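Report on the structure given below.
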Amino acid sequence: MSRIENLTKEFRELYGTEPRIFCAPGRVNLIGEHTDYNEGFVMPAAIDFSTCVAASPRADRSIVIQSDNVSGKAELDLDQSPENGRRHWSDYPFGVASKLEEAGHRLRGANLLVNGGVPIGAGLSSSAAIEVATALALLDNSDLTIDRLELAKICQQAENEFVGARSGIMDQFIACFGKADHAVMLDCRALESNPLPIPSGVKLLVCNTMVKHELASGEYNRRREECEAGVRILSQNLPHVTSLRDVTAKDVERFRPDLPEVIYRRCRHVVTENDRVLRAADALRSSDLQTCGQLMAESHRSLRDDYEVSCEELDLMVEFANEVRGVIGARMTGGGFGGCTINLVESDRVEAVKLSEKILKSMSALRRRTRRKCNESVSRRTSNPQVVV
Ligand code: GLA
């Protein structure tokens with residue numbers, strides 16, 4: 000039985016009605032990390048893992064939700080929606096319902112059943128996937144349609160204001176505009192995007208450290224505040240600066256004496272990363288894969304040393320991957336503090352890379368560390384590291 004048939008059957012058993020089903024994908028990001036909320040450039044690609052939401056109308060104004068992945072039921076009264084979530088997985092769908100209503104889209108009540116296929120806390124954007132799939136389901140359930148970009152913005156708002164994670168637009172955007180076999184080059188200031196075909200000779204391989212990044216939202220928000228602090232300081236001398244998008248690497252060096260050390264390094268990451276995305280897009284367009292690989296390596300170093308969002312396990316996976324024949328580039332992907340690496344791999348070497356001694360060694364090294372130091376970072380891991388895509 001297919002996943003959709005299964006979900007339909009379960010829904011019928013739970014609610015006794017026939018559902019309509021909407022799905023949205025997770026993503027990886029090739030390059031351009033922590034640049035979206037600085038109005039910079041990103042290059043995400045939608046992946047095969049997705050989250051599906053089955054829905055049917057209710058007579059009242061309640062949203063009732065259940066999930067295949069977690070037990071229990073949650074309910075939201077659309078006429079008494081709270082301002083914020085309560086640190087529960089239903090915050091994502093309820094945040095979306097609440098922000099859709101706030102934007103003037105009057106919703107009908109709905110029974111919902113979620114089937115999540117994007118690993119949670121793996122940096123593959125399971126949150127945007129559930130947000131976008133829920134938004135599509137709730138709108139259809141209410142006979143409403145809205146512009147896809149508006150939908151992405153509303154989902155981001157749900158995450159920023161209802162859930163409390165001050166994320167940028169990248170994840171929701173790619174969940175709405177992802178295209179098969181393409182990455183998308185997105186300018187997060189103009190919100191203009193260009194599809195970039197993934198050259199036929201390469202594939203994207205995602206490796207999961209299985210370190211969950213769920214406790215990292217405090218650190219994430221802190222990075223964002225540090226960038227804002229950088230803008231405040233730099234704009235005293237450069238009045239045209241309203242975000243780090245307006246700042247060049249030269250500016251950062253010139254005004255380095257004004258910037259606290261940490262803020263200086265955060266700014267340096269963002270401005271050099273923006274430049275790397277632009278160069279990577281050119282390189283991808285001209286199938287200059289070696290340059291893409293080098294830019295990915297620089298991006299990882301910058302995230303590790305300047306932005307400090309990597310972790311030991313991610314560094315190790317990248318380091319080992321770089322030694323494998325057929326791997327053109329490797330870096331952490333997503334918000335960081337755990338989660339996955341993205342690897343640009345020669346197509347005909349993908350199977351060999353998955354089974355390569357180096358990759359397997361990196362995974363067994365991670366496993367050994369789990370045994371050795373159970374109380375430290377590695378004990379955060381939920382199970383063995385994996386190649387997931
Ligand atoms: C998370 C956020 C995105 C983006 C990345 C880092 O995935 O949701 O908006 O900031 O981190 O690039």
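End of the sequence shown sits at 388 in numbering that gives the first Met the number 0; the numbers just go up one at a time, nothing left out.
All residues carry an ideal CB built from backbone N, CA and C; glycine is no exception.
Everything numeric in this text was worked out from a predicted model, so none of it was measured.
For residue i, count the other beta carbons within 10 Å of its own beta carbon; 16 or more makes it buried, fewer makes it exposed. Which is it?
{"i": "Pro-118", "result": "buried"}
{"i": "Pro-256", "result": "exposed"}
{"i": "Gln-289", "result": "exposed"}
{"i": "Glu-17", "result": "exposed"}
{"i": "Pro-81", "result": "exposed"}
{"i": "Thr-332", "result": "buried"}
{"i": "Leu-137", "result": "buried"}
{"i": "His-87", "result": "exposed"}
{"i": "Val-201", "result": "buried"}
{"i": "Val-323", "result": "buried"}
{"i": "Val-69", "result": "exposed"}
{"i": "Arg-275", "result": "buried"}
{"i": "Glu-297", "result": "buried"}
Would you report the Cα separation of residue i and residue j, rounded to the nearest angstrom?
{"i": "Ala-228", "j": "Ile-262", "result": "7 Å"}
{"i": "Lys-98", "j": "Thr-144", "result": "15 Å"}
{"i": "Asn-83", "j": "Gly-325", "result": "47 Å"}
{"i": "Ser-141", "j": "Leu-77", "result": "13 Å"}
{"i": "Val-317", "j": "Gly-120", "result": "19 Å"}
{"i": "Met-209", "j": "Cys-310", "result": "12 Å"}
{"i": "His-104", "j": "Asp-305", "result": "42 Å"}
{"i": "Val-352", "j": "Arg-57", "result": "50 Å"}
{"i": "Glu-4", "j": "Arg-330", "result": "37 Å"}
{"i": "Leu-302", "j": "Phe-319", "result": "17 Å"}
{"i": "Ile-168", "j": "Glu-356", "result": "38 Å"}
{"i": "Ala-44", "j": "Ala-279", "result": "14 Å"}
{"i": "Leu-283", "j": "Arg-85", "result": "43 Å"}
{"i": "Gly-328", "j": "Val-162", "result": "34 Å"}
{"i": "Glu-358", "j": "Glu-345", "result": "The question names Glu, yet the displayed sequence has Ile at residue 358. Approximately 15 Å between the Cα atoms of the pair."}
{"i": "Arg-264", "j": "Glu-9", "result": "51 Å"}
Ordered along the chain, which non-local residues of its own chain (more than five positions away) have a Cβ less than 7 Å from that of residue i?
{"i": "Asp-245", "result": "His-239"}
{"i": "Leu-315", "result": "Ser-361, Ala-364 and Leu-365"}
{"i": "Leu-148", "result": "Leu-190"}
{"i": "Leu-214", "result": "Model confidence at Leu-214 stands at a pLDDT of 49, short of 50, so the residue's coordinates are unreliable and nothing is read from them."}
{"i": "Phe-336", "result": "His-212, Ala-215, Glu-218, Val-308 and Cys-310"}
{"i": "Ser-286", "result": "Pro-198"}
{"i": "Asp-59", "result": "Gly-108"}
{"i": "Val-270", "result": "Leu-243, Val-246, Thr-247, Ala-248 and Val-251"}
Ordered along the chain, which non-local residues of its own chain (more than five positions away) have a Cβ less than 8 Å from that of residue i?
{"i": "Cys-266", "result": "Cys-226, Gly-229, Leu-233, Leu-243, Val-246, Val-251 and Leu-258"}
{"i": "Asp-139", "result": "Arg-19, Phe-21 and Ala-54"}
{"i": "Ser-125", "result": "Gly-25, Thr-50, Gly-115, Val-117, Pro-118 and Ile-119"}
{"i": "Val-72", "result": "Note that residue 72 is Lys in the sequence shown here, rather than Val. For Lys-72, where only same-chain residues beyond five positions count, the Cβ hits under 8 Å are Val-63, Ile-64 and Gln-65."}
{"i": "Glu-100", "result": "Leu-77, Ser-80 and Leu-106"}
Mind checking if residue i is an interface residue toward chain B, Cβ cutoff 8 Å exclusive?
{"i": "Arg-19", "result": "Any reference to chain B falls outside this structure, which holds one protein chain only."}
Using a Cβ-Cβ cut-off of 6 Å (strictly less than) and excluding sequence neighbours within five positions of residue i, which residues of its own chain qualify?
{"i": "Arg-107", "result": "Pro-56, Asn-140 and Ser-141"}
Practice item. For the region 51 to 70 and the region 93 to 110, state whether three or more C-beta atom pairs, one from each stretch, are separated by less than 8 Å. Key: yes
- Item | the region 180 to 194 contacting the region 29 to 44, beta-carbon criterion three pairs below 8 Å | yes
Are the region 6 to 17 and the region 151 to 158 touching, with three or more C-beta to C-beta distances below 8 Å? no
* Contained beta strand (DSSP E) runs [length at least 3] in the region 250 to 279, N- to C-terminal order -> none
For the region 329 to 344 against the region 21 to 36, are there 3 or more C-beta pairs whose distance is under 8 Å? Touching, yes, given that three or more Cβ pairs across the two stretches are closer than 8 Å.
### Query
In chain order, which beta strand (DSSP E) runs of at least 3 residues are fully inside the region 306 to 356?
326 to 331 and 339 to 345
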